[in-house]
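Enquirer:
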Amino acid sequence: MNAPYVPPGTGRPGDPATPGTPVAEDAEAVRKLAADAPDLGELVARQSVCRACPRLVEWREHVAVERRRAFAEEEYWGRPVPGWGDPHPRVLIIGLAPAAHGGNRTGRIFTGDRSGDWLFASLHRVGLAAMPTSTHAGDGQRLLGARMLGPVRCAPPANKPTPAERATCSPWLARELELTSGSLCSIVVLGGYAWQALWPALKEAGYDLPRPRPAFGHGAEVVVTAPDGRTALLLGCYHPSQQNTFTGRVTEEMLDAVFTRARTHAGLPERNAG
Ligand code: SF4
Numbered sequence: 011m012n013a014p015y016v017p018p019g020t021g022r023p024g025d026p027a028t029p030g031t032p033v034a035e036d037a038e039a040v041r042k043l044a045a046d047a048p049d050l051g052e053l054v055a056r057q058s059v060c061r062a063c064p065r066l067v068e069w070r071e072h073v074a075v076e077r078r079r080a081f082a083e084e085e086y087w088g089r090p091v092p093g094w095g096d097p098h099p100r101v102l103i104i105g106l107a108p109a110a111h112g113g114n115r116t117g118r119i120f121t122g123d124r125s126g127d128w129l130f131a132s133l134h135r136v137g138l139a140a141m142p143t144s145t146h147a148g149d150g151q152r153l154l155g156a157r158m159l160g161p162v163r164c165a166p167p168a169n170k171p172t173p174a175e176r177a178t179c180s181p182w183l184a185r186e187l188e189l190t191s192g193s194l195c196s197i198v199v200l201g202g203y204a205w206q207a208l209w210p211a212l213k214e215a216g217y218d219l220p221r222p223r224p225a226f227g228h229g230a231e232v233v234v235t236a237p238d239g240r241t242a243l244l245l246g247c248y249h250p251s252q253q254n255t256f257t258g259r260v261t262e263e264m265l266d267a268v269f270t271r272a273r274t275h276a277g278l279p280e281r282n283a284g
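Sequential numbering of the sequence shown, starting at 11, is according to this note's numbering.
1) Under the DSSP definition of a beta bridge, which residues are partnered with W182?
2) Tell me which same chain residues have a C-beta within less than 7 Å of the C-beta of A27, skipping the five on either side of it?
3) Looking at the strands, I want to know which residues DSSP matches up with V233.
4) Does the pairing of the stretch 205-224 with the stretch 66-81 give three or more beta-carbon distances under 8 Å?
5) Looking at C-alpha atoms only, which residue of V101, A109, G126 is the closest neighbour of P171?
6) To the nearest angstrom, report how far apart Y203 and L159 are at their CA atoms.
7) Is the beta carbon of C63 within less than 6 Å of some heavy atom of ligand 1?
8) With DSSP as the reference, label V40 as helix, strand or coil.
9) Please determine, among N12, A177, S251, the residue with the shortest C-alpha to C-alpha distance to F120.
10) When the Cα of R259 is compared with those of A242, F269, G239, Y248, which residue comes out closest?
11) What's the call for P90, buried or exposed, on a 16-neighbour Cβ count within 10 Å?
12) Using the three-state DSSP reduction, which class does I104 fall into: helix, strand or coil?
13) Pull up the CB-CB distance for V198 and L245, whole angstroms please, since I reckon it's below 8 Å.
14) What number of angstroms, rounded off, separates the C-alpha of V162 from the C-alpha of E280?
15) For M141, write down the residues that DSSP places opposite it in a beta bridge.
16) Using a 10 Å radius around the Cβ and a threshold of 16 neighbouring Cβ atoms, would you call D49 buried or exposed?
17) Rounded to whole angstroms, what's the CA-CA distance from G284 to R273? Just pull it up for me.
18) Mark G137 as exposed unless 16 or more other C-beta atoms lie within 10 angstroms of its C-beta, in which case mark it buried.
19) Run through DSSP, which three-state label would G192 get?
Next comes the structure, spelled out in structure tokens:
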């Protein structure tokens, strides 16, 4: 029988956890383990073994056992997909949740699915990714001055997390915002769901936010202020979901324009030789 998940610390490329990484079994444990994570490395390790949402744990592991026929020979990750990229990002990219046969299979956000194909191609064109594709952890892809994460870290049935699941996962996001706020200049928010999920986490991370909350839209821009007085520019961007790309609601040019704006605001070069 296929395994329901990759055991932590068994050598999978990009696995941040070890067998000793503490596991959150409920919402209270997520709050505690997120708040006292001493650094980003330990935070993402803890994210990657979390089991606080029973419905999502069941679904992500069910998918990992069943598998899609095209990936039947691959070992599915079957765990939460943690934040990934530069530990001192100037640009943060926030999506929705991992795809069942994308991030839930590969263990890396936006990796191995159609949305990721669009996203990484755009990031590469504007100079925020080393390669135009992202197929699996260990493929050599790197984000350049950027980091990406989902406000919900486990693949949900029908791509729809519940409000309670989003709230349970929020402390992981808030702590990641805290630990990266010292370098952050731009935050690109992919879709209305991520826009909604981000605000409470920013508040929890101590950011000063405009009131009322500005509405999401492609090209929306809002300045938020970190507790240390640094500001970050929030940019709304339509999610490169298949529905949006098929219908032309979002195009390559539209994605490139938002990411170029984010990169230039962050003072990053057009092409990063690193
Ligand atoms: S969605 Fe978030 S809080 Fe829920 S099990 Fe996954 S990582 Fe944990």
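Note that the Cβ used here is the ideal one computed from N, Cα and C, for glycine as well. Given the structure is predicted, the values throughout are model-derived calculations rather than measurements.
Expert: So, to answer that:
1) Here residue 182 is taken as the residue at index 172 of the sequence shown, counted from 1. DSSP output for W182 lists no bridge partner at all.
2) For this step, residue 27 is matched to residue 17 along the sequence shown. So the list reads P18, G19, A55, S58, V59, once near-sequence residues are dropped.
3) By 1-based counting over the sequence shown, the position of residue 233 is 223. L243.
4) no
5) Walking along the sequence shown from the start, residue 171 turns up at place 161. Comparing Cα positions, the closest option is A109.
6) To locate residue 203, count along the sequence shown from 1; it is residue 193. To locate residue 159, count along the sequence shown from 1; it is residue 149. The alpha-carbon atoms of Y203 and L159 are separated by roughly 13 Å.
7) As a working note, residue 63 is residue 53 in the sequence shown. Relative to ligand 1, the beta carbon of C63 is positioned inside 6 Å of a heavy atom.
8) Taking the sequence shown and counting its residues from 1, the one referred to as residue 40 is at position 30. Note: V40 maps to helix in three-state DSSP.
9) One-based indexing of the sequence shown puts residue 120 at position 110. Answer by Cα proximity: S251.
10) Looking up residue 259 in the sequence shown gives position 249. It is Y248 whose Cα lies nearest to the Cα of R259.
11) Locating residue 90 in the sequence shown gives position 80, counting from the first residue. That one is buried.
12) Within the sequence shown, the letter at position 94 stands for residue 104. I104: strand per DSSP, three-state reduction.
13) To locate residue 198, count along the sequence shown from 1; it is residue 188. To locate residue 245, count along the sequence shown from 1; it is residue 235. That pair is a contact at about 5 Å.
14) Sequence index remark: in the sequence shown, residue 162 carries index 152 (1-based). Sequence index remark: in the sequence shown, residue 280 carries index 270 (1-based). Answer to the nearest angstrom: the Cα atoms are 30 Å apart.
15) If you number the sequence shown from 1, residue 141 lands on position 131. Checking the DSSP bridge columns, you'll see M141 has no partner listed.
16) Taking the sequence shown and counting its residues from 1, one reaches residue 49 at position 39. With fewer than 16 other CB atoms across the displayed protein chains lying within 10 angstroms of its CB, D49 is exposed.
17) Residue 284 sits at position 274 when you count from the first residue of the sequence shown. Residue 273 sits at position 263 when you count from the first residue of the sequence shown. Only weak support exists for where G284 lies, its pLDDT of 44 falling under 50; the value from the coordinates is given anyway. One C-alpha to the other measures close to 15 Å.
18) Residue 137 sits at position 127 when you count from the first residue of the sequence shown. Per the 10 Å Cβ criterion, buried.
19) What you label residue 192 is simply residue 182 of the sequence shown in a count that begins at 1. G192: coil per DSSP, three-state reduction.
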